[in-house]
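Peer 1: Chains as they are written, first to last, in the working numbering: chain A, 1 to 341; chain B, 1 to 341. Every residue gets a Cβ at the ideal spot worked out from N, C-alpha and C, and that includes glycine.
Number of protein chains: 2
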Amino acid sequence: MSSRDIEGEQVTIRHVAARAGVALSSVSRTLTGHPDVSPAMRQKVEEAVQALGYEPDLLAQSLRSGTTRNIGFIIRDIANPLFALVARACEQELRRNGYSMILMNSDGSVETESKNLLLLRRRRVDGVIASLVAEDSPYIKKTILSLRRPLVLLDREMKDLNASAVITDHYTGVYEATAHLISLGHQEIAFVTGAENVYTTRDRLRGYKAAFSDTGRDVPEKWMALGGFDAEYALIHTRNFLSKSPRPTALITGGIGSTAGALRALNELGLQIGKDIAFIAIDEWPLFDVFMPPISSVYRDAKAMGGEAAHLMLEMLNGKEPSESVIETKFTARSSTDGGL
Amino acid sequence: MSSRDIEGEQVTIRHVAARAGVALSSVSRTLTGHPDVSPAMRQKVEEAVQALGYEPDLLAQSLRSGTTRNIGFIIRDIANPLFALVARACEQELRRNGYSMILMNSDGSVETESKNLLLLRRRRVDGVIASLVAEDSPYIKKTILSLRRPLVLLDREMKDLNASAVITDHYTGVYEATAHLISLGHQEIAFVTGAENVYTTRDRLRGYKAAFSDTGRDVPEKWMALGGFDAEYALIHTRNFLSKSPRPTALITGGIGSTAGALRALNELGLQIGKDIAFIAIDEWPLFDVFMPPISSVYRDAKAMGGEAAHLMLEMLNGKEPSESVIETKFTARSSTDGGL
DNA sequence: CATTATTCTGGTAACGGTTCCATCCTAGAA
DNA sequence: TTCTAGGATGGAACCGTTACCAGAATAATG
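1) Distance check for A/K115 and A/P35, CA to CA, integer angstroms please.
2) Span of the beta strand (DSSP E) holding B/F83?
3) Using the beta-carbon count (16 or more within 10 Å), is A/Y139 buried or exposed?
4) Might you give, ordered along the chain, the residues of its own chain that have their beta carbon closer than 8 Å to the beta carbon of A/Q10, omitting 5 neighbours on each side?
5) Along chain B, in chain order, which residues have C-beta atoms closer than 8 Å to that of A/N267?
6) If B/F288 and B/I280 are in contact, beta carbons under 8 Å, what's the gap, nearest whole angstrom?
7) If I measure Cβ to Cβ from A/S28 and keep anything under 7 Å in the same chain, skipping five residues before and after, which residues do I get?
8) Please state if the CB of B/V298 and the CB of B/F331 are separated by a distance shorter than 8 Å.
9) Count the other CB atoms within 10 Å of the CB of B/G341; is the residue buried (16 or more) or exposed (fewer)?
10) Should A/N70 be labelled buried (16 or more other beta-carbon atoms within 10 Å of its own) or exposed?
11) How many angstroms separate the CA atom of B/H311 from the CA atom of A/R334?
12) Got a sec, what are the start and stop residues for the alpha helix (DSSP H) A/M101 sits in?
13) Specify the secondary structure class of B/E324 as computed by DSSP and reduced to three states.
14) Would you kindly report the start and end of the unbroken alpha helix (DSSP H) that includes B/L317?
15) Kindly indicate if chain B contains any beta-carbon less than 8 Å away from that of A/M158.
16) Considering just the uninterrupted stretch of the beta strand (DSSP E) at B/F241, what are its terminal residues?
17) Which partner residues does A/N404 have in the DSSP bridge list?
18) Can you tell me which of the three DSSP states B/A130 falls into?
19) So A/S325 and A/V166 are in contact, right, with Cβ under 8 Å, and what is the actual spacing, rounded?
20) I'd like to confirm the pairing. Which residues does DSSP put opposite A/G254 in its beta bridges?
21) So, at 6 Å on beta carbons, what are the nonlocal neighbours of A/A250 in its own chain, with the 5 sequence-adjacent residues on each side left out?
22) Throw me the rounded Cβ distance for the A/A260 and A/L226 pair, which I believe falls under 8 Å.
23) Mind checking the segment 86-102 of chain A against chain B and listing, in chain order, the residues whose C-beta falls within less than 8 Å of any C-beta there?
24) Determine which residues share a DSSP beta bridge with A/T168 and list them.
25) By the DSSP assignment, the alpha helix (DSSP H) with B/F212 in it spans what residues?
26) Report the residue from A/L119, A/M158 and A/T201 whose alpha carbon sits nearest the alpha carbon of A/D169.
27) Mapping DSSP to helix, strand and coil, what is A/T12?
28) Distance cutoff 8 Å, beta carbons only. Does B/S2 sit that close to anything in chain A?
29) If the cut-off is 8 Å on Cβ atoms, which residues from the segment 33-51 of chain A count as contacting chain B, listed in chain order?
30) Are the CB atoms of B/R121 and B/Y171 within a distance shorter than 8 Å?
31) Considering just the uninterrupted stretch of the beta strand (DSSP E) at A/I144, what are its terminal residues?
32) Step through the CB atoms of chain B and report whether any lies within less than 8 Å of the CB of A/P81.
33) Any Cβ of chain B within less than 8 Å of the Cβ of A/L58?
34) Can you confirm whether A/L242, when its beta carbon is compared against all beta carbons of chain B, has any partner nearer than 8 Å?
35) Which residues, in chain order, does the segment 319-335 of chain A contribute to contact with chain B at a C-beta distance below 8 Å?
36) For A/D77, go through chain B and note every residue whose CB falls closer than 8 Å to its CB, in chain order.
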């Protein structure tokens, strides 16, 4: 006998009706708080519900009502500490409002992402919150347009989508970070991050470039590696940059994964942060403040992002128009930006 | 006009039947792969499905079949990097097998956890994978017994539950870690971790104690702080221990949160790891290998845990009896255990 | 007291599928 | 040729709800 066989038959509204000696429609009315229910009826039904331990089947209710109170949440990788914080805050806020979160990793693949979207549609989720792998895939765009459900994008820009979005103002933070390095006398500032087919990269790049041009300097294009958010990409390109001679005197990494890869490369080459090279990370790893030396960073409030995403979703579910919400970034100088020159 | 109004009416099996000019039962048979379907019928149905862009409603299928292909996943905190790795591996494996994951944080609260379990039951999930907040809550036990669904526990021991479990062999790793410190000459080894009402703590504690008693030493009970997995708890107690005189010469922290709190305390007190104090963390933070100095740790494969949890769940869903799976731990000495004496 | 408005209640039709059952064909066996 | 087995199909019941509609009971009105 497997554990599945144990399932005693489910208690349905019919059983309750029988036990209370009333029509099943009356039970439904009582339970959904319809006004036309006599105290006597309420009494009988509640007694029966209590006695049988009845609980309404959300599946059946969903089929009937056309709303599941389920929200799909698609991200590249839940193990990314930043996304994990976003997901947690988002789940908490959704849960407080009676919604559940169906979590799907897209594993950095447009194909998986697309499959996930289609599966969520078949599951009749009420809405989707997603951090897309890329903005330039026509296939994904087509899939999204066919979703026909409220959508909240995380740090992505896509036209004609009728979607809400939580957008980070990367520009400000990265501008400040780069300007800080320049003010310290750095010019050969490497920048290792993801590809330009996502808003995140483009906005950061804008800040990076502006910091140079605003001070009348040339942007050191040769020290830019814009290709992937994964640690492997950052590892290879950081290693490459730092083996050259002359090499960059400072390094900025964009994103959690890039930072991990770059730190590994620095470690491997025996270069000490804040001494042999100045280092700034965009987005914080949880223990950055106790790292030795403490790492300068461009911070954004991931918790706020998740909460805001849930909030925008709930608004759309209440019939409001899609809208955008902006998250600030803040540069904090710590001792990892000390040396390098 | 809100985005919800856009929803053009759903294409159902009825529309397909009408378009193909056949009975709706025939459409169903064709789509579910029933053997008694003529090539002509298949042709007609497939043409209609294609033309209308029909996709079966998983909700309706679930209601009929009694199986949702949804698995509930309950953990204390998805932002815990270890749990995030577990969750990712688990979701990937479930997804490969056609299941989706409903994620719920219990936020360290037995009450929330219990509510989550009940909600998952109402959502008619096919099974639940959970890392429970505590093993000694009769209320939770009662709730779980009423689940009537396959259950996989993560690192927890509960009797008479008919559940599968992924169990970590903490004993070995912690024993080795403690023995290593003892062999270096440490006796005043502090141990800061969660409460004993979860298997995790008990098994670690067993290893810690055995390392002392096996060498005929007294267990330094006064340096044990077993109360909470949260960083705050570890911060306070580490601070407290290390302000004493004499103070511990070594410190072991059990769990991701404890490690974070302890590192903050050390930082705050200006104590340098691997010099002023020997330090070992149980469970690794993602960047431990590039931390300066690198941190000695008791490692376990979180990815394997998640995959194994999914595997055990799938087995139960296929009618197999509940079973247990054991995950190994491995102590690795790095330079954080150098000094202290 | 008769009549009209209000509660209140029960029956039934959806929601979108699957599956059983009965019927009609067609082909193979006697 | 006649009988039968089984393939192919349509119709209807069912999964567990909610919502509409009609009728019964009660209350309010003239």
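Peer 2: To lay it out plainly:
1) When rounded, the distance between both Cα atoms is 44 Å.
2) Counting along the chain, B/F83 falls outside any beta strand (DSSP E), though it belongs to the alpha helix (DSSP H) covering P81 to R96.
3) By the neighbour-count rule (16 or more Cβ atoms within 10 Å), A/Y139 is not buried but exposed.
4) Taking C-beta separations shorter than 8 Å and ignoring five residues to either side along the sequence, the partners of A/Q10 in its chain run D57, following chain order.
5) The contacting residues are D289 and V290.
6) The pair is not a contact, with the Cβ atoms about 11 Å apart (cut-off 8 Å).
7) Contacts found: I13.
8) If you check the CB distance, B/F331 and B/V298 come in under 8 Å.
9) First, the amino acid is wrong: residue 341 of chain B is Leu here, not Gly. Counting C-beta atoms within 10 angstroms of its own C-beta, B/L341 has fewer than 16 neighbours from the protein chains shown and is therefore classed as exposed.
10) Per the 10 Å Cβ criterion, buried.
11) Straight across, the Cα-Cα distance linking B/H311 with A/R334 is about 45 Å.
12) Per DSSP, A/M101 belongs to no alpha helix (DSSP H); it is in the beta strand (DSSP E), S100 to N105.
13) Of the three classes helix, strand and coil, the one that applies to B/E324 here is strand, per DSSP.
14) Note, B/L317: alpha helix (DSSP H), A302 to L317.
15) Under the Cβ distance rule, A/M158 does not count among the residues neighbouring chain B, no pair being separated by less than 8 Å.
16) Bounds of any beta strand (DSSP E) do not take in B/F241; it lies within the alpha helix (DSSP H) bounded by A231 to S243.
17) Absent from the structure is residue 404 of chain A, since the part of chain A shown begins at 1 and ends at 341.
18) In the structure shown, B/A130 sits in a strand (DSSP, three-state: E or B).
19) The beta carbons of A/S325 and A/V166 sit about 5 Å from each other, so the pair counts as a contact at 8 Å.
20) Residue pairing by DSSP places A/G254 opposite A/I282 in a beta bridge.
21) Scanning its chain for C-beta atoms nearer than 6 Å, with the 5 sequence neighbours on each side dropped, one finds around A/A250 the residues L181, H186, I189, A278 and G340, in chain order.
22) About 17 Å; that fails the 8 Å criterion.
23) Cβ contacts with chain B: A87, R88, E91, Q92, R95, S100, M101 and I102.
24) As a beta-bridge residue in DSSP terms, A/T168 pairs with A/I327.
25) Here the alpha helix (DSSP H) through B/F212 covers Y199 to S213.
26) Selected option, being the one with the closest Cα: A/T201.
27) It is coil, neither helix nor strand.
28) Caution applies to B/S2, whose pLDDT of 29 falls short of 50 and renders its modelled position unreliable; the model cannot decide the point.
29) Per Cβ criterion, the list is empty.
30) The answer is no: Cβ separation not under 8 Å.
31) No beta strand (DSSP E) contains A/I144, which is instead part of the alpha helix (DSSP H) from P138 to L145.
32) With a threshold of 8 Å between beta carbons, A/P81 makes contact with chain B.
33) Yes, because at least one Cβ of chain B sits closer than 8 Å to the Cβ of A/L58.
34) So no, A/L242 is outside the interface.
35) Against chain B - using a Cβ distance shorter than 8 Å - the residues of the segment 319-335 of chain A are G319, K320, E321 and P322.
36) Result: R88.
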